[in-house]
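Novice:
Numbering (the numbering used here), first residue to last: 11 to 614.
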């Protein structure tokens, strides 16, 4: 619905109340039906005592023969039957509405949270636990719906029951209403005073629980390291530290809740006992009937049971849910470090020319990787990057991918500033084969097809053959349907690397980045892969990061990095002839690799 009170804004708000209301407004009439029909529960708690009151009074006033009692009571009995039917119909409508609304609501919240988090930067994900993020997304959808159910059905229904009971008691004797009112004020005051501390304890417990979950996932995902270092006892001790914190926070929350329950229990006992004594006293004075006593006792019992349930169950759960959702809202409140411009257009690659214009960049640790860097990579050229770890090679390609924002300057692809194009279109035009190929816990077919989601099985198999994957895939019992395990752990490093190469072949992007793409391969397989990569690099702008300098011999150009600067630039033979830094590195190699250099940045 557009406009008016149910208007839905473009993106979810940053505060919890507005955030939940945003999703209610996606299904306004459904939630209105759910709330109205849920009122039946509260009405039922007061109407039945009224019906019993009139039945008791009618029986007491009946002086006819016993066989005629049903005829005399038939109007009241029909009212009771019709009321029972009406209440059940309303409650079933409310139940069916919840069965439709809540799954949709949780799915919408989960979708919005996931899509928002997806837009965070590389730096964000490198600094956070993936398990912690996943828990918060799940918590927001699950506990957010719990908050809405409490606020839209339980509370309105309870307050309606109190209003009806208060009205009827006022007509019988205002003093009855006063007892109910005083009890209600005391009860709710205790609950409201407890709110702040309950939220505090819930926040502490939620934070401790998320931290524990994140560390458990981190430990389990690194079980190879745990095993290789024989650190099973150490990991148990490490996780126990966070488990003890979670247990302590949980216990503190529950103990505080029990203290509040004790106070509320005393208040409920006093209200019920006072109402019974006063009702009998008024009957002795013949001020009220037996039926009135039945109404007062049963209505008071029902109302105190409702408010007790709210104070003992719904409010603590509400505070817990609010605390958990506030923790989860951190994902939404965190602004995106890198975002598309409002008028961003898709990147159009014609030649694949890459240009750095006066680029300056540094990481959060303050070390400046690039300072006023300018260079041009001609479209279709094959360019090698070489230098010690920390020299700026990986940073160079990460900036082209716009994984980080520049401090100053600009990067152009075919004269288009990458800040002025959409991130999706930019990265869709670049195929990356990383040194450490990480796969999804999906089938081999799905992992290769990730390079081109609409590719046919035949295209996937052809790409696998070109990457020399088909041979080992065919040996698996389930072939291309074989699951590779979390992060591809069921495959060897070389097998994962070949699948990553097949994925890049299938993507067929005009710009190709290779970060030690053949480092995990044996020498025979590497020979075949180089042949496939040669055809893949043809007529494409290709940037190759290599520690094994022999892989750069056929590059059109080699850039030699040192401390964020390109200190040498040229072909392999010319750089050797200069007898400079590149030649020094070439002759220093042992087994075809560069010696380790000093790491001085977050990324090499």
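Backbone N, C-alpha and C define an ideal beta-carbon position, used for all residues, glycine too.
#1: Would you check if the region 164 to 181 and the region 309 to 327 touch, i.e. whether three or more CB-CB distances between them fall below 8 angstroms?
#2: Using a Cβ-Cβ distance under 7 angstroms, would residue 48 count as near chain B?
#3: Among the residues of its own chain, which have a CB less than 6 angstroms from the CB of residue 525, if the five just before and after it don't count?
#4: Sorted by chain position, which residues of the same chain lie with C-beta nearer than 8 angstroms to residue 280's C-beta, five sequence neighbours on each side aside?
#5: Mapping DSSP to helix, strand and coil, what is residue 232?
#6: In terms of residue numbering, what span does the beta strand (DSSP E) encompassing residue 308 cover?
#7: Within this structure, are the beta carbons of residue 275 and residue 326 separated by less than 7 angstroms?
#8: Would you kindly work out how many angstroms separate the C-alpha atoms of residue 119 and residue 68, rounded to a whole number?
#9: In three-state DSSP terms, what is residue 567?
#10: Run the CB neighbour count on residue 24, radius 10 Å, all protein chains shown included, and call it buried at 16 or more, exposed below.
#11: Rounded to whole angstroms, what's the CA-CA distance from residue 598 to residue 560? Just pull it up for me.
#12: Helix or strand or just coil, what does DSSP make of residue 75?
#13: Rounded C-beta distance between residue 163 and residue 330? I'm assuming under 8 angstroms.
#14: Mind checking whether residue 432 and residue 354 have CB atoms under 7 angstroms apart?
#15: So what does residue 9 bridge to, in DSSP terms?
#16: Within a Cβ cutoff of 8 angstroms, which residues of the same chain sit near residue 359, ignoring the five residues on either side of it in sequence?
#17: Starting from the C-beta of residue 497, find all residues in its chain whose C-beta is less than 6 angstroms away, skip the five residues before and the five after it, and write them out in chain order.
#18: Between residue 12 and the rest of its own chain, which residues show a CB-CB distance below 7 angstroms, the 5 nearest in sequence each way excluded?
#19: For residue 334, count neighbouring Cβ atoms within 10 angstroms of its own Cβ and tell me buried if that reaches 16, exposed if not.
#20: Buried or exposed, going by whether 16 or more other CB atoms sit within 10 Å of the CB of residue 602?
#21: What did DSSP end up calling residue 418 once you bin it into helix, strand or coil?
#22: Tell me where the alpha helix (DSSP H) around residue 393 begins and ends.
#23: So which of 59, 575, 262 and 507 has the shortest CA-CA distance to residue 381?
#24: Can you name the start and end residues of the beta strand (DSSP E) that residue 411 belongs to?
#25: Drop a sphere of 10 angstroms on the beta-carbon of residue 351, count the other beta-carbons inside from all chains shown, and report buried for 16 or more, exposed for fewer.
#26: For residue 501, does the three-state DSSP call read helix, strand or coil?
#27: Between 349, 27 and 466, which lies nearest to residue 154 when the distance is taken from Cα to Cα?
#28: Let me check one thing: in DSSP terms, what residues is residue 355 bridge-paired to?
#29: Determine the burial state of residue 287: buried for a count of at least 16 other Cβ atoms within 10 Å of its Cβ, exposed for fewer.
#30: For residue 295, does the three-state DSSP call read helix, strand or coil?
#31: Just how far apart, CA to CA, sit residue 509 and residue 478?
#32: Exposed or buried, which one is residue 487 when buried takes at least 16 other CB atoms within 10 Å?
#33: What's the C-alpha gap between residue 609 and residue 558?
#34: Considering only C-alpha positions, which residue in the set 533, 523, 493 and 490 is nearest to residue 504?
#35: Please check the pair residue 167 and residue 49, which I expect to be a contact at CB under 8 angstroms, by giving their CB distance rounded to whole angstroms.
#36: Please name the residue, chosen from 371, 243 and 549, that lies closest to residue 419 on a Cα-to-Cα basis.
Specialist: By the coordinates alone:
#1: yes
#2: Checking the listed chains, one finds no chain B in this structure; it contains a single protein chain.
#3: 444, 445 and 555
#4: 193
#5: coil
#6: From DSSP, residue 308 is part of no beta strand (DSSP E) but of the alpha helix (DSSP H) over 300 to 319.
#7: no
#8: 54 angstroms
#9: strand
#10: exposed
#11: 13 angstroms
#12: coil
#13: Residue 163 to residue 330, Cβ: 18 angstroms. No contact.
#14: yes
#15: Here the chain covers residues 11 to 614 and nothing more, so residue 9 does not appear.
#16: 423, 424, 439, 520 and 521
#17: 448
#18: Its pLDDT being 40, under 50, residue 12 is placed unreliably in this model, and the value from its coordinates should be taken loosely. Closer than 7 angstroms at the Cβ level, and outside the excluded window around residue 12, lies no residue.
#19: buried
#20: Residue confidence is low: residue 602 scores 47 on pLDDT, short of 50, so the model does not pin down where it sits. Its coordinate-derived value is still stated next. So residue 602 counts as exposed.
#21: strand
#22: Careful: residue 393 lies outside any alpha helix (DSSP H), inside the beta strand (DSSP E) at 392 to 396.
#23: 575
#24: No beta strand (DSSP E) holds residue 411; DSSP gives it neither H nor E.
#25: exposed
#26: coil
#27: 27
#28: 431
#29: exposed
#30: coil
#31: 9 angstroms
#32: exposed
#33: For residue 609, the predicted structure reports a pLDDT of 39, less than 50, and the residue's modelled location is therefore unreliable. A value from the coordinates is still provided. In a straight line, the C-alpha of residue 609 is about 18 angstroms away from that of residue 558.
#34: 533
#35: 5 angstroms
#36: 371
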